[in-house]
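Novice:
There are 4 protein chains.
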Amino acid sequence: MENELKTLTDAVNQFTEERDWDQFHNPKDLAIAISLEAAELLEVFLWKKPEEAKVEKIKEELADVINYALLLASKYDFDIYQIVMEKLRRNAEKYPVEKAKGSAKKYNEL
Amino acid sequence: MENELKTLTDAVNQFTEERDWDQFHNPKDLAIAISLEAAELLEVFLWKKPEEAKVEKIKEELADVINYALLLASKYDFDIYQIVMEKLRRNAEKYPVEKAKGSAKKYNEL
Amino acid sequence: MENELKTLTDAVNQFTEERDWDQFHNPKDLAIAISLEAAELLEVFLWKKPEEAKVEKIKEELADVINYALLLASKYDFDIYQIVMEKLRRNAEKYPVEKAKGSAKKYNEL
Amino acid sequence: MENELKTLTDAVNQFTEERDWDQFHNPKDLAIAISLEAAELLEVFLWKKPEEAKVEKIKEELADVINYALLLASKYDFDIYQIVMEKLRRNAEKYPVEKAKGSAKKYNEL
């Protein structure tokens, strides 16, 4: 499909506009919302082994995280494809393969 | 661009494989990682008005959230385009325009 | 020791006042701060088995969570001893021993 | 009251033991639980001005955060009074009054 990210962004923005919710969506509260949805996603795993978590629930909660991530990106006109690729380039510098391979350490501890 | 989400997913997976990090990436820890990156994003706004937060920092932290969201989706072979669209359909049922318009209430309080 | 919670609360409030930080400490940002400190605590466990996490780091991050919890409680003049005991009573109703024993389910699934 | 923190800790531990929940309470999941309760506390403020949040709800959610903080402290035999006082001493070094007064900057930016 062409322009998947634009199509998704348009869809979440239309959903927001139809409900007149843009008045609530300042970037700070959108960042709070992303954090709350991430917590709901994490709750699916609470007290459980990873493989015991319900996949259907993970799917829904992850969709909510991405939904708000799209809304926040849209506020700043970020191009998600670009910012993820750019961040991978930066991470590649912080975590060079020869140092980071097989290690779970943070870059400042490598 | 064609298949943006697949291209991004392939890129984050390749980054992970090159560093042999897949051993750490069970779904529960990935969900924790999403939550921690969401917290770093939120920290950019701490003690600040929304417009005072540094846009460059928001961009980087939001990219990290999406990065881990892509990795988790990939673990379960979720199609992000599909799950976001499906969630919007469900949300449209929970928040019908005529009830939800202009209201910040949760669906169970509408 | 007498009045441990009052002594701690006075200490964190004095720390804040000496630095003139009360201007930043509205309840919403304090709630964000608690959430961010909880994330830093959780980060100590990321990619690790529970027993691999560094105890010294857990101690510090947990102290930060409690520090902000005391500040938020103080904003509303909550008596921490009372509100925790009161919450235990409510939880005892939501999770009666005979139903909840040995189960990790939420009260609405019991 | 004497030994408030010990009394509270005993109460939350007794609550746990009566329900045979100790089997779920490894430190990593307790840290997740603190983070989730902090998110529920933060949700009370979502899309709202600080003064619009419901105080009764804040009280309950804050109690939940402290509840799990007591359980985690108890796992490691931390003395909460000591670790908070010790952290204040460390923070006083990171944020000396003459540098930090009136500033919301992090210690590494002061």
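Protein chains in written order, with the numbering used here: chain A, 28 to 137; chain B, 28 to 137; chain C, 28 to 137; chain D, 28 to 137. Think of the CB as a built atom: it goes at the ideal place given N, C-alpha and C, for glycine as much as any other residue.
(1) Measuring CA to CA, which of LEU89(D), THR36(D), ILE85(D), LYS128(D) is closest to GLN41(C)?
(2) For ILE107(B), I'd like the list of residues in its chain whose CB is within less than 6 Å of its CB, leaving aside the five on either flank, ordered along the chain.
(3) Between which two residues does the alpha helix (DSSP H) holding ARG117(A) run?
(4) Please report the residue range of the alpha helix (DSSP H) in which SER62(A) lies.
(5) Within the same chain, show all residues whose beta-carbon is closer than 7 Å to that of ALA96(D), passing over the 5 residues directly before and after it, in chain order.
(6) In terms of residues, what are the limits of the alpha helix (DSSP H) holding ASP37(C)?
(7) Spell out whether any CB of chain C is found under 7 Å from the CB atom of LEU73(B).
(8) How many angstroms separate the CA atom of PRO123(A) from the CA atom of ILE59(A)?
(9) Once DSSP output is grouped into helix, strand and coil, what is the label at ALA131(B)?
(10) At a CB distance below 8 Å, what residues from the segment 56-72 of chain A approach chain C? Give them in sequence order.
(11) Candidates ILE85(D), VAL111(D), ALA119(D): which alpha carbon is nearest GLU67(D)'s?
(12) Under a Cβ-count criterion, where at least 16 other Cβ atoms within 10 Å of its own Cβ denotes burial, should ASN135(D) be classed as buried or exposed?
(13) Which residues in the same chain have their Cβ closer than 8 Å to the Cβ of ASP91(C), if we skip the five residues on either side of it in sequence?
(14) What does ASN94(D) touch in chain C if you count any residue whose Cβ is under 9 Å from its own?
(15) Check whether chain B comes within 7 Å of TYR134(A), counting only Cβ atoms and requiring the distance to be less than that.
(16) Of all the residues that make up the segment 38-52 of chain D, which are near chain A by a beta-carbon distance shorter than 7 Å?
(17) Between the alpha carbons of PHE72(D) and LYS81(C), how many angstroms are there, rounded?
(18) By Cβ distance, which residues of its chain are closer than 7 Å to LEU137(A), with the 5 residues on each side in sequence left out?
(19) Would PRO54(D) and PRO77(C) qualify as a contact pair, given that the criterion is a beta-carbon distance under 7 Å?
(20) Please return the same chain residues whose Cβ sits closer than 7 Å to the Cβ of GLU79(D), not counting the five positions on each side in sequence.
(21) Taking THR34(D) as the reference, which of PHE51(D), GLU83(D), LEU98(D) has the closest Cα?
(22) For chain A, check one thing: does any of its Cβ atoms lie closer than 7 Å to the Cβ of LYS86(B)?
(23) For a test of the three-state rule: what should DSSP assign to TYR103(B), helix, strand or coil?
(24) From TRP74(D) to HIS52(A), what does the alpha carbon distance come to, in whole angstroms?
(25) Please classify ASP49(C): does DSSP put it in a helix, a strand, or coil?
(26) For chain B, check one thing: does any of its Cβ atoms lie closer than 7 Å to the Cβ of LYS126(A)?
(27) I think ILE110(A) touches LEU89(B), with their Cβ atoms under 8 Å apart; what is that distance to the nearest whole Å?
(28) Starting from the Cα of GLU83(B), find the closest Cα among LYS114(A), GLU70(A), GLU87(A) and give me that residue.
(29) Put LEU89(C) into one of helix, strand or coil per three-state DSSP.
(30) If you draw a straight line from the C-alpha of GLU120(C) to the C-alpha of ASP104(D), how long is it?
(31) Distance check for LYS102(B) and THR43(B), CA to CA, integer angstroms please.
(32) Rounded to the nearest angstrom, what separates MET112(D) and ARG46(B) at their Cα positions?
(33) Check whether chain A comes within 7 Å of PRO77(B), counting only Cβ atoms and requiring the distance to be less than that.
Specialist: Looking at the atomic coordinates:
(1) Indexing the third sequence from 1 puts residue 41(C) at position 14. Selected option, being the one with the closest Cα: LYS128(D).
(2) Translated into positions along the second sequence, residue 107(B) becomes position 80. Cβ neighbours of ILE107(B) beyond the five flanking positions: LEU32, ALA100.
(3) On the first sequence, residue 117(A) is found 90 positions in, with the first residue counted as 1. Counting along the chain, the unbroken alpha helix (DSSP H) around ARG117(A) starts and ends at 107-121.
(4) By 1-based counting over the first sequence, the position of residue 62(A) is 35. Segment 54-70, the alpha helix (DSSP H) holding SER62(A).
(5) If you number the fourth sequence from 1, residue 96(D) lands on position 69. Answer for ALA96(D): ILE61, listed in chain order.
(6) Residue 37(C) sits at position 10 when you count from the first residue of the third sequence. Segment 31-45, the alpha helix (DSSP H) holding ASP37(C).
(7) In the second sequence, the residue the question calls residue 73(B) occupies position 46. Answer yes: the Cβ-Cβ gap between LEU73(B) and chain C drops below 7 Å somewhere.
(8) Counting from one through the first sequence, the residue named residue 123(A) turns up at place 96. Counting from one through the first sequence, the residue named residue 59(A) turns up at place 32. Near 32 Å, if we compare the C-alpha coordinates of ILE59(A) and PRO123(A).
(9) As a working mapping, residue 131(B) is identified with position 104 in the second sequence. Annotated three-state conformation of ALA131(B) is coil, per DSSP.
(10) Residues passing the 8 Å Cβ filter: ILE59, SER62.
(11) As a first step, residue 67(D) must be located in the fourth sequence, where it is residue number 40. Distances from the alpha-carbon of GLU67(D) to those of ILE85(D), VAL111(D), ALA119(D) put ILE85(D) closest.
(12) In the fourth sequence, the residue the question calls residue 135(D) occupies position 108. The residue in question, ASN135(D), is exposed, as its Cβ has fewer than 16 Cβ neighbours within 10 Å.
(13) Here the question's residue 91(C) lines up with position 64 in the third sequence. For ASP91(C), where only same-chain residues beyond five positions count, the Cβ hits under 8 Å are GLU64, GLU67, LEU68.
(14) By one-based count along the fourth sequence, residue 94(D) stands at place 67. Going along chain C in sequence order, the residues near ASN94(D) (Cβ under 9 Å) are VAL111, LYS114, LEU115, ASN118.
(15) Counting from one through the first sequence, the residue named residue 134(A) turns up at place 107. For TYR134(A), the answer is no, since every Cβ of chain B falls outside 7 Å of its Cβ.
(16) Listed by position along the chain: PHE51.
(17) Here residue 72(D) corresponds to residue number 45 of the fourth sequence, with the count starting at 1. Here residue 81(C) corresponds to residue number 54 of the third sequence, with the count starting at 1. Approximately 33 Å, taken between the alpha carbons.
(18) Walking along the first sequence from the start, residue 137(A) turns up at place 110. Within the same chain, LYS126, ALA127, SER130 come within 7 Å of LEU137(A) by CB-CB distance, once the 5 residues on both sides are set aside.
(19) For the purposes of this step, residue 54(D) is taken as the residue at position 27 of the fourth sequence. For the purposes of this step, residue 77(C) is taken as the residue at position 50 of the third sequence. Result yes, Cβ atoms of PRO54(D) and PRO77(C) sit closer than 7 Å.
(20) Here residue 79(D) corresponds to residue number 52 of the fourth sequence, with the count starting at 1. Excluding sequence positions up to five before and after GLU79(D), its CB lies less than 7 Å from no other CB in the same chain.
(21) In the fourth sequence, counting from the first residue as 1, residue 34(D) sits at position 7. Check the Cα spacing between THR34(D) and each of PHE51(D), GLU83(D), LEU98(D): the tightest is with LEU98(D).
(22) The sequence position of residue 86(B) within the second sequence is 59, counting from 1. LYS86(B) counts as touching chain A.
(23) Stepping through the second sequence from its first residue, residue 103(B) is reached at position 76. Three-state result, TYR103(B): coil.
(24) As a working mapping, residue 74(D) is identified with position 47 in the fourth sequence. As a working mapping, residue 52(A) is identified with position 25 in the first sequence. C-alpha separation (whole angstroms): 7 Å.
(25) For the purposes of this step, residue 49(C) is identified with residue 22 of the third sequence, where counting begins at 1. It is coil, neither helix nor strand.
(26) Mapped onto the first sequence, residue 126(A) falls at position 99. Not closer than 7 Å to any Cβ of chain B, the Cβ of LYS126(A) fails to qualify, so no.
(27) Numbered from its first residue, the first sequence carries residue 110(A) at position 83. Numbered from its first residue, the second sequence carries residue 89(B) at position 62. Between the beta-carbon of ILE110(A) and that of LEU89(B) there is about 7 Å, and that keeps the pair under the 8 Å contact cut.
(28) Here residue 83(B) refers to the residue found at position 56 of the second sequence. Nearest C-alpha to GLU83(B): LYS114(A).
(29) For the purposes of this step, residue 89(C) is taken as the residue at position 62 of the third sequence. In the structure shown, LEU89(C) sits in a helix (DSSP, three-state: H, G or I).
(30) Indexing the third sequence from 1 puts residue 120(C) at position 93. Indexing the fourth sequence from 1 puts residue 104(D) at position 77. Their backbone Cα atoms lie some 28 Å apart in a straight line.
(31) The residue given as residue 43(B) occupies position 16 in the second sequence. The residue given as residue 102(B) occupies position 75 in the second sequence. One Cα belongs to THR43(B), the other to LYS102(B), and the distance between them is close to 12 Å.
(32) In the fourth sequence, counting from the first residue as 1, residue 112(D) sits at position 85. In the second sequence, counting from the first residue as 1, residue 46(B) sits at position 19. If you take the alpha carbons of MET112(D) and ARG46(B), they lie about 41 Å apart.
(33) For the purposes of this step, residue 77(B) is taken as the residue at position 50 of the second sequence. At least one beta carbon of chain A lies nearer than 7 Å to the beta carbon of PRO77(B).
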